[in-house]
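So the structure is just underneath, and the comments pick up after that.
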Amino acid sequence: MRKEVISIILGGAVCLFVLWPIFLSRRTYKTGSKEKKESRHPETERRIASRWGGKSKGKTPLIKIRNGRPFVGCIPIKDGKIFMINGRENKKFIFPKGGIDKNEEGYYTAGKEAIEEVGVIGNIDKTPFAIVNGIYWYVLEVTKVLPSWKERHERVRIIMDPHNALFHSEVRAVTKNVIKELLAQEDRLKMPRIKNTKLVHPESPQTPEQTVQETTEEAF
Numbered sequence: 008m009r010k011e012v013i014s015i016i017l018g019g020a021v022c023l024f025v026l027w028p029i030f031l032s033r034r035t036y037k038t039g040s041k042e043k044k045e046s047r048h049p050e051t052e053r054r055i056a057s058r059w060g061g062k063s064k065g066k067t068p069l070i071k072i073r074n075g076r077p078f079v080g081c082i083p084i085k086d087g088k089i090f091m092i093n094g095r096e097n098k099k100f101i102f103p104k105g106g107i108d109k110n111e112e113g114y115y116t117a118g119k120e121a122i123e124e125v126g127v128i129g130n131i132d133k134t135p136f137a138i139v140n141g142i143y144w145y146v147l148e149v150t151k152v153l154p155s156w157k158e159r160h161e162r163v164r165i166i167m168d169p170h171n172a173l174f175h176s177e178v179r180a181v182t183k184n185v186i187k188e189l190l191a192q193e194d195r196l197k198m199p200r201i202k203n204t205k206l207v208h209p210e211s212p213q214t215p216e217q218t219v220q221e222t223t224e225e226a227f
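Quick note on the numbering used here: the sequence shown kicks off at 8 and runs consecutively.
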């Protein structure tokens, strides 16, 4: 009898030893899945994706989250060219972007970032044309270039042919991916808003100094 009790106790201990890690792993998996789902901001993603014309193709892509806010970006265009600014960290040229504030629409945030960072005003698409690097991107057709704007002391504003930008060493690689997607989308339109031109000087892309001067002249 004593041996049987000992055997039962030992058997239970062995089972507990074997099954406990499995129980913990399942619990961790469920918790991790819940955290991952919450980090996706599913309601925001579904809302943006639905306004994206159903181009998400199945699962809604994971959007970029920073400080609890999903990110959107803006591509300002004027006369077939694109506006860019230098980044704060690596100083290479990028498009304006920022986090969506509570109760804001994505296109509103994108337009606001264009005003604050680039100093341009215009008509913005209410649906993004693509998602690149976890950011939904909107096109802004510039109608006015401001000579003075909020971040003018922090940013260098340039305007450039989009195809030249693809070969410019001072344009970030991620930004080039956004430009490529924009060109692909615009090429499908009967009246594209950006120029599908060949490089004017393939061996010598337009310099920031040239584009800054051009932008300044247009602002006045």
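The beta-carbon is built from N, C-alpha and C at its ideal position, and this holds for glycine as well.
As the structure is a computational prediction, the values presented were derived from the model and not from experiment.
How should residue 126 be labelled, buried or exposed, when 16 other C-beta atoms within 10 angstroms of its C-beta is the threshold for buried?
Counted from its first residue, the sequence shown places residue 126 at position 119. Residue 126 should be labelled buried.
Drop a sphere of 10 angstroms on the beta-carbon of residue 168, count the other beta-carbons inside from all chains shown, and report buried for 16 or more, exposed for fewer.
For this step, residue 168 is matched to residue 161 along the sequence shown. Residue 168 should be labelled buried.
Same chain only: Cβ atoms within 8 Å of residue 31, ignoring 5 sequence neighbours per side:
Position 24 of the sequence shown, counted from the start, is the residue given in the question as residue 31. Low local confidence applies: a pLDDT of 44 at residue 31 is under 50, so the model's placement there is unreliable, and no value is given.
Residue 88 burial status per 10 Å Cβ neighbour count (16 or more: buried):
Locating residue 88 in the sequence shown gives position 81, counting from the first residue. If you draw a 10 Å sphere on the C-beta of residue 88, you find 16 or more other C-beta atoms in it, and that means buried.
For residue 150, report the span of its alpha helix (DSSP H) as first-last.
Here residue 150 refers to the residue found at position 143 when the sequence shown is read from its first residue. It is not in any alpha helix (DSSP H) - residue 150 instead sits in the beta strand (DSSP E) that spans 142–152.
Suppose the cutoff is 6 Å on Cβ atoms and the five residues either side in sequence are ignored; what does the same chain contact list for residue 172 look like?
Position 165 of the sequence shown, counted from the start, is the residue given in the question as residue 172. Cβ neighbours of residue 172 beyond the five flanking positions: 178 and 186.
Can you tell me whether residue 113 is buried or exposed, with buried defined as 16 or more other CB within 10 angstroms of its CB?
As a first step, residue 113 is located in the sequence shown; it is residue number 106 there, counting from the start. By the 10 Å Cβ count, residue 113 comes out buried.
Could you tell me the alpha carbon to alpha carbon distance between residue 139 and residue 155, rounded to whole angstroms?
If you number the sequence shown from 1, residue 139 lands on position 132. If you number the sequence shown from 1, residue 155 lands on position 148. Answer to the nearest angstrom: the Cα atoms are 30 Å apart.
Stretch-stretch touch, CB-based, cutoff 8 Å, three pairs: the stretch 104–112 with the stretch 180–194:
The answer is no - the stretch 180–194 does not touch the stretch 104–112, with fewer than three Cβ pairs under 8 Å.
Restricting to runs no shorter than 4 residues, where is the alpha helix (DSSP H) found entirely within the stretch 89–131?
Taking only runs of at least 4 residues, the alpha helix (DSSP H) segments lying wholly in the stretch 89–131 are 113–120.
DSSP three-state call for residue 79: helix, strand or coil?
For the purposes of this step, residue 79 is taken as residue 72 along the sequence shown, with counting starting at 1. Of the three classes helix, strand and coil, the one that applies to residue 79 here is strand, per DSSP.
Under a three-way DSSP split, which group does residue 133 fall into?
Translated into positions along the sequence shown, residue 133 becomes position 126. In the structure shown, the three-state DSSP call for residue 133 is coil.
Among 197, 73 and 193, which residue has its Cα nearest to the Cα of residue 135?
Position 128 of the sequence shown, counted from the first residue, corresponds to residue 135. It is 193 whose Cα lies nearest to the Cα of residue 135.
Can you pull the DSSP bridge partners for residue 187?
Locating residue 187 in the sequence shown gives position 180, counting from the first residue. DSSP output for residue 187 lists no bridge partner at all.
Quick one: grab the DSSP three-state call for residue 181.
Taking the sequence shown and counting its residues from 1, one reaches residue 181 at position 174. Look at residue 181 here: in three-state DSSP terms it is helix.
Considering residue 166, what are the terminal residues of the beta strand (DSSP E) in which it resides?
For the purposes of this step, residue 166 is taken as residue 159 along the sequence shown, with counting starting at 1. Run containing residue 166: 164–167, per the beta strand (DSSP E) assignment.
Among the residues of its own chain, which have a CB less than 6 Å from the CB of residue 80, if the five just before and after it don't count?
Working through the sequence shown from its first residue, we reach residue 80 at position 73. So the qualifying residues of the chain are 102, 104, 142 and 144.
Return yes when the Cβ of residue 157 is within less than 9 Å of the Cβ of residue 111, no when it is not.
Counted from its first residue, the sequence shown places residue 111 at position 104. Counted from its first residue, the sequence shown places residue 157 at position 150. Taking C-beta atoms as the reference points, residue 111 and residue 157 fail to come closer than 9 Å.
Please report how far the alpha carbon of residue 196 lies from the alpha carbon of residue 163, in whole angstroms.
Working through the sequence shown from its first residue, we reach residue 196 at position 189. Working through the sequence shown from its first residue, we reach residue 163 at position 156. So the alpha carbons of these two residues sit roughly 31 Å apart.
Distance, Cα to Cα, residue 90 vs residue 201?
Mapped onto the sequence shown, residue 90 falls at position 83. Mapped onto the sequence shown, residue 201 falls at position 194. The straight-line gap from Cα to Cα measures roughly 12 Å.
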